[in-house]
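Just so you know, the sequences run in chain order U and D.
Counting from 931, one number per residue, gives the positions in the first sequence under this note's numbering.
Counting from 931, one number per residue, gives the positions in the second sequence under this note's numbering.
To start, the structure itself, in C-alpha cells.
Protein chains: 2
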Amino acid sequence: MLQSKLFLPLQKEVSQEETSINSQLLIRAGFIDKEMSGVYNYLPLGLRTLRKIENIIREEMNSLGGQEILMPVLSSIEKWKTTGRDKLDVDILYRMENTILNPTHEEIVTPLIGKNIFSYKDLPVAVYQIQDKFRNEPRAKSGLLRCKEFIMKDLYSFHTDEDDLNNFYEKAIKSYQTVFNRLGLGDITYKTYALGGSFSPYSHEFQTVSNTGEDTIYLCEKCGVAINKEIIKNQKCCPECQNEDLKELKAIEVGNIFKLGTKFSDAFNIKFADESGAKNPVIMGCYGMGPSRILGTIAEVFNDDKGIIWPENVAPFRFHVLSLLGKDEEKNSQIQKIANEIYESLLKENQEVLYDDRLDVSPGAKLVGSDLIGLPYRIIISEKSLDLNMIEIKQRSESKPEFIEYVDISSLKKYFK
Amino acid sequence: MLQSKLFLPLQKEVSQEETSINSQLLIRAGFIDKEMSGVYNYLPLGLRTLRKIENIIREEMNSLGGQEILMPVLSSIEKWKTTGRDKLDVDILYRMENTILNPTHEEIVTPLIGKNIFSYKDLPVAVYQIQDKFRNEPRAKSGLLRCKEFIMKDLYSFHTDEDDLNNFYEKAIKSYQTVFNRLGLGDITYKTYALGGSFSPYSHEFQTVSNTGEDTIYLCEKCGVAINKEIIKNQKCCPECQNEDLKELKAIEVGNIFKLGTKFSDAFNIKFADESGAKNPVIMGCYGMGPSRILGTIAEVFNDDKGIIWPENVAPFRFHVLSLLGKDEEKNSQIQKIANEIYESLLKENQEVLYDDRLDVSPGAKLVGSDLIGLPYRIIISEKSLDLNMIEIKQRSESKPEFIEYVDISSLKKYFK
C-alpha cells in the first residue's frame, strides 16, 4: 500500500478527554477515531488490524468445531423477560420500547438453536459469531477497553450431559490459549479462576497483565494460572496446586468462559430426547472474547514512548518502507528508484508492505510516523544508506538498525514471515 | 463440510407470516431464521453466501480505489440536527434519547473524513464500509428485501471539483456492473435513471428485474438502461437514445449511487484549500449496495418449485455429494466408500463441497433437501450409479443428469471453477 494514497490521519496530539493509553496511541497513529464516548470509527489501518485479530479467533473457533453464524443487534424484550435479565441488566440495556440492542446473545441463541434440537443425535452443537454488541456503559473512559458499542466473538455450546460439556470446555481453554499465543499475548495472559454460579464452582477469565488494567488478579507463578478478586475472598491459594504465594497484578480481561448448565435451556424449555426417548434439558456453555478490546489491549501493553509495537501476527503490514529524501535531487531520484523497487519486489513476494512514498514529507516526520504506527520491520533508503551502498532495516522492538547489502529481494527473505 | 455435522435446519414449511419467496426459501433451506419482523439470523449456509457476496463487492470497491473502514451503529442526534435529517427521517430513525441507530452514514463520514482534509493534495479520497444499518421499517414483509436491520456497503467519495466527481462516478457505475455480473445478476440488472436532487439532474439505481419487485422500471431494450417511476412522469423516453418504446417491468433495487455535491460538506463546513490557497467546499458522491438485500434478491429470482438455484460465484458450496443408501448393506458400504473418496478428493483439490453423509436419511429426503439448498453441482452415488459403474452428476439449473465414469478426481476436473 502506498502511504500517499492511504487515509491515515496521524496526529501529534489528541484531546485530553482521551485518558487511556490505547485510545491515545490508536488515534494518534490513525487507526481509530472517536465518534462519541465509548463509540469509535475504525480507519483503514485499524480495521486491517481488527480483521487480523478476528481471523485468528475465527480459525481457532472453527478448529474447535464452532460453526459461524450471525445473529442480529435487535431483539424483542420478550426474550429478556423470559430469563428475567430485562430487570437485572436494566442499567446497561439499550432499549427502544420493546426492542433491545443485544448486550450478549444467550437470549437469542438458546431458542434459535434449541428449536432445532430434537434428540441426542442433534447434540453436541457449537455456534459462534463475531458481531457488534451494545452496553450503555457509564464508565466509557478506557478507549477500546470499555465501549458502549464493541465487537465480540461469542460461542455457545449445547450438550447432552455434563461430561460432554466439561470435555468441550477444556478444549475451549486450549483454543483460547492458542488464540492468545498467536496474537502475541500468550506470555502475559493467564487463565484466571472466577465465580462459577450455581452449575459450576468456577468460571474462567483470561486476563492480560497490564499496569493500567481495571482488574486485579492473583497469579500462581508455579502453575501459570490466576484467581480473581472475587475468588480470593474465599480462597487464598491457587486452585490447582494450593500454593499460597500469589502475586497481585493489574490486568485486562480479554476473554471469559462459563458453564451455563441448564440456566437458559430451562428458561426457554429446550429439551432433547435421549436414547430411551426421555426428555432432558440441554446443557450449555458460553465462551466470549472481544476482538475490539483485544485490539485496545495490544496497543495498551505493547508500546514505548514513540508509539505502538505491533506483534507480527496482528500488525496491519509487516514491512514499512521509507524513502528519506534530502536536498540532493540526483540522490533523491536514486533513493526513490531503490525504494520503489524494494516495494514492488515485496509485493510480488506477497509480503504485506506499507511504503511511505510521500515526496513532501521530511525524513524526521516519516521516522516519527513510522515509530508511532509501529510495523514490525522498517526498511529505510536514505542518503546515508545510499553512501554505504546498503539499506537500513530495523525491527520496531529493537533499538539498533542493521545495514544490509541489497542485491535483490532474496536479501530480505530472512525477514519474511 | 460434512452435512451430518452442519447446523442446517431444513424445513418442510414455514410460518404463513413469511409471505415473500426469498424468506420462505431461505428459511426452508436453513440459510436464515427469523428473529422478529424485519430482523433475521444468518445460519452457517446463509452467512457463507452473504460473505461471498460481500467479498465480491469488497474486491470491486478496492479496485475502484475505495479504502475500507468501519463506522459505528451509534451516533449522536446532534449530527442529524446539523443536516436536518433528524426531522426528515423521523419515522424510520431508531432513536434512544440523544443516540441514533444510523440508517445511513453521511452524517458520520462527512465530518470524519472532512476534518482530515486540508488542501487539494488530500483529495480525492474514497472510503467504504460493509456494515449493519437500521430503519424502523413499517412494511417489513419482504424477507431480506426490506429489513429493519440490514447490511449495506456504503462508499463515499470526496473531490475537489465536479469533473473529478463525474469521472469517479462513471467508474463506480462500471464497478457496480462488474459486481452484478460476478454475482450472476448481470443479465437482469439495469442501470436506472432516478431523480437527482439539486446538484445533478439524475441519480442512478441498479434494478434487478423480478415479478415480485416493489419497484417499477421502464426499460429501453436498445440501450440496456431504464428509468424509474419518478422519472417517467416528466420524461417518456430513454435518456440515452430518446427511444420512447420502453418496457414496463417490476424490479428490486439492489444499488443506488448519488452525486451529493456540497449538500453534506456545506452542512458540516468541510472545505479544502486549492492551489491558490482559496477555500472551496468539498464535492461528494455516495454509492450504496445491500449485500443482505442482494442475498434475498438472488433467492427471489433464481429458484424453481423445488428450491433455490444459486449462481456459481455465490453458492455456499460448489458441489453437493450425496450418498443414497438402500437396503443392501454390502452395496451401502461400497456407496459410502466411493462417496467418502470423492469428498476427500474434492477437498484435496480445494473445491468447496458439502457432503450429505447422513446414514439415517432416506434417498428421497436427501434429494429434496439438495434441490432446496440448490448448490450448482450435485454428485450422486447410489445403487443405480454403482450398477452402472458410474457416478451421476447434475447441474442444479439443468433438468437431466449425466452419468460419468469415475476413475479418479481428474474425471471431475471439468466441473471445477
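Virtual Cβ for every residue (Gly too), placed ideally from N, Cα, C.
Grouping DSSP H, G and I as helix and E and B as strand, with all else coil, what is residue 1322 of chain U?
Looking at residue 1322 of chain U - three-state DSSP - the assignment turns out to be strand.
Assuming residue 1296 of chain D and residue 1286 of chain D are in contact, meaning their beta carbons sit under 8 angstroms apart, how far apart are those beta carbons, in whole angstroms?
About 5 angstroms separates the beta carbons of residue 1296 of chain D and residue 1286 of chain D, which is inside the 8 angstroms limit, making them a contact pair.
Nearest neighbour of residue 1039 of chain D, chosen from D:1053, D:1058, D:1184, D:1153 [CA to CA]:
D:1058 is the residue among D:1053, D:1058, D:1184, D:1153 whose C-alpha sits nearest the C-alpha of residue 1039 of chain D.
With a cut-off of 9 angstroms, does the C-beta of residue 1006 of chain U fall near any C-beta of chain D?
Yes, its Cβ sits closer than 9 angstroms to a Cβ of chain D.
How many Å lie between residue 998 of chain U and residue 1188 of chain U at the Cα?
In a straight line, the C-alpha of residue 998 of chain U is about 19 angstroms away from that of residue 1188 of chain U.
Identify whether residue 935 of chain D lies in helix, strand or coil by the three-state DSSP scheme.
Reduced to three states, the DSSP call for residue 935 of chain D is helix.
Taking the alpha carbon of residue 907 of chain D as the reference point, which residue from D:1210, D:1160, D:934, D:1250 has its own alpha carbon closest?
Because chain D is modelled from 931 through 1347, residue 907 of chain D falls outside the range shown and cannot be assessed.
Label residue 1193 of chain U either buried or exposed according to how many other C-beta atoms from any shown protein chain fall within 10 Å of its C-beta, with 16 as the threshold for buried.
Result: buried.
Is residue 1194 of chain D helix, strand or coil by DSSP?
Three-state DSSP puts residue 1194 of chain D in a helix.
Test: residue 1062 of chain U CB closer than 9 angstroms to a CB of chain D
Output row for residue 1062 of chain U: interface = yes.
For chain U, check one thing: does any of its Cβ atoms lie closer than 9 angstroms to the Cβ of residue 997 of chain D?
Cβ-Cβ to chain U under 9 angstroms: yes for residue 997 of chain D.
Could you tell me whether the Cβ of residue 972 of chain D comes closer than 9 angstroms to any Cβ of chain U?
Yes, residue 972 of chain D counts as interfacial toward chain U.
So what does DSSP say about residue 1264 of chain U, is it helix, strand or coil?
Taken through DSSP and simplified to helix, strand or coil, residue 1264 of chain U comes out as helix.
With the cut-off set at 9 angstroms, would you say residue 1082 of chain U and residue 1221 of chain U are in Cβ contact?
Closer than 9 angstroms, so yes.
Mind listing the chain D neighbours of residue 1046 of chain U? Cutoff is C-beta to C-beta under 8 angstroms, in chain order.
Correct list: 937, 939.
Give a yes or no on whether the C-beta atoms belonging to residue 1044 of chain U and residue 1243 of chain U are separated by under 9 angstroms.
Contact: no.
Strictly under 9 angstroms for the Cβ-Cβ distance: is residue 1078 of chain D near chain U by that measure?
So yes, residue 1078 of chain D belongs to the interface.
Counting only Cβ pairs nearer than 7 angstroms, list the residues of chain U close to residue 1042 of chain D.
Here the neighbours are 963, 971.
What does residue 1298 of chain D reach in chain U if we use C-beta pairs closer than 9 angstroms?
Result: empty, since nearest Cβ-Cβ is about 18 angstroms, beyond 9 angstroms.
Option nearest residue 1053 of chain U by Cα separation, candidates U:1087, U:1271, U:1068
Considering only U:1087, U:1271, U:1068, the residue with the shortest C-alpha distance to residue 1053 of chain U is U:1087.
The beta strand (DSSP E) spanning residue 1152 of chain U covers which residue range?
For residue 1152 of chain U, there is no enclosing beta strand (DSSP E), as DSSP gives it neither H nor E.
Residues bridged to residue 963 of chain D [DSSP beta-bridge criterion]:
Partner(s): D:971.
My assumption, with CB atoms under 8 angstroms, is that residue 1070 of chain U sits in contact with residue 1302 of chain U. Please give the rounded CB distance.
Contact between residue 1070 of chain U and residue 1302 of chain U does not hold, since their C-beta atoms are separated by about 24 angstroms, which reaches or exceeds 8 angstroms.
Would you say the region 1247–1266 of chain D touches the region 1303–1322 of chain D, given that touching needs at least three Cβ pairs under 8 angstroms?
They touch, by the three-pair rule.
Check the Cβ-Cβ distances between residue 1290 of chain D and every residue of chain U, and say whether any is below 9 angstroms.
At a cut-off of 9 angstroms, the C-beta of residue 1290 of chain D has a neighbouring C-beta in chain U.
Start-to-end residues for the alpha helix (DSSP H) that takes in residue 1301 of chain D:
First-last of the alpha helix (DSSP H) with residue 1301 of chain D: 1293–1303.
Starting from residue 1012 of chain D, trace the alpha helix (DSSP H) in both directions and tell me its first and last residue.
Run containing residue 1012 of chain D: 1007–1013, per the alpha helix (DSSP H) assignment.
Can residue 1255 of chain U be considered in contact with the ligand NAP, in the sense that its beta carbon sits closer than 8 angstroms to one or more heavy atoms?
The model on display carries no ligand, and the ligand NAP is accordingly not part of it.
What is the rounded straight-line gap between the Cα of residue 1019 of chain U and the Cα of residue 1037 of chain U?
Cα-Cα distance, rounded: 13 angstroms.
Among D:967, D:979, D:1030, D:1104, whose alpha-carbon lies nearest the alpha-carbon of residue 1224 of chain D?
Selected option, being the one with the closest Cα: D:979.
Under 7 angstroms between beta-carbons, which chain U residues line up against residue 1024 of chain D? List them in chain order, please.
What residue 1024 of chain D touches in chain U: 1026.
I'd like to check one pair, residue 1181 of chain U with residue 1133 of chain U: are the Cβ atoms closer than 9 angstroms?
Residue 1181 of chain U is positioned such that its CB atom lies no closer than 9 angstroms to that of residue 1133 of chain U.
When DSSP builds the beta bridges, which residues end up paired with residue 1181 of chain D?
According to DSSP, residue pairing for residue 1181 of chain D in a beta bridge involves D:1139, D:1145.
Please report the residue range of the beta strand (DSSP E) in which residue 1229 of chain D lies.
Careful: residue 1229 of chain D lies outside any beta strand (DSSP E), inside the alpha helix (DSSP H) at 1221–1231.
Minimum C-alpha distance to residue 1156 of chain U - residue among U:1130, U:1131, U:1123, U:983
When only C-alpha atoms are compared, the closest one is U:1123.
Going along chain U in order, which residues have a C-beta closer than 7 angstroms to the C-beta of residue 944 of chain D?
The premise fails here: residue 944 of chain D is roughly 12 angstroms from chain U at the closest Cβ pair, so nothing lies under 7 angstroms.
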